[in-house]
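Note sheet for the following structure.
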Amino acid sequence: MESVAAKTQRDVLLAARDLVKHFPVEDSDDVVRAVDGVSFEISSGETLGLVGESGCGKSTVGRCLLRLHEPSSGEVWFEGKNIVGLPHREMQLLRR
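Taking our numbering, the leading residue of the sequence shown gets 1, the next gets one more, and so forth.
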């Protein structure tokens, strides 16, 4: 398996860096920490399996990658471009 340091930026197809998604709790200052500091890189031709218990944030990570949920913080890179903050229309085109 190739180390992350050995990969060139050009090889990385999708990357999450310190991805965080917190949901506010109604009538409270508390938050639900659904995703807290997730980082990974996937190069072209690679497959990544995300496993965990029910309710641990797997689907939320996927929704944040697609920007169906806006990340609370962190970065999502697709083909060398940080897609967090892209306008809605550009994201629709990327999802196709």
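Positions of the beta carbon are idealized from the N, C-alpha and C atoms, including for glycine.
Counted as a single uninterrupted DSSP element, the alpha helix (DSSP H) harbouring Glu-90 occupies residues 88-95.
If you look at Ser-43, you'll find it in the beta strand (DSSP E) that goes 31-43.
For Ser-73, the enclosing beta strand (DSSP E) has its first and last residue at 73-78. For Phe-78 and Gly-57, the gap between their C-alpha atoms comes out near 21 Å.
In this chain, Val-25 is not harboured by any beta strand (DSSP E), its DSSP state being neither H nor E. For a cut-off of 8 Å, the C-beta gap from Ser-73 to Val-20 is around 4 Å, short enough to register as a contact.
Here the alpha carbons of Gly-55 and Ala-15 stand approximately 22 Å from one another. In this structure Val-51 is not in contact with Leu-65, their Cβ atoms being roughly 16 Å apart against a cut-off of 8 Å.
In this structure, DSSP gives Arg-63 a helical state, which the three-state scheme calls helix.
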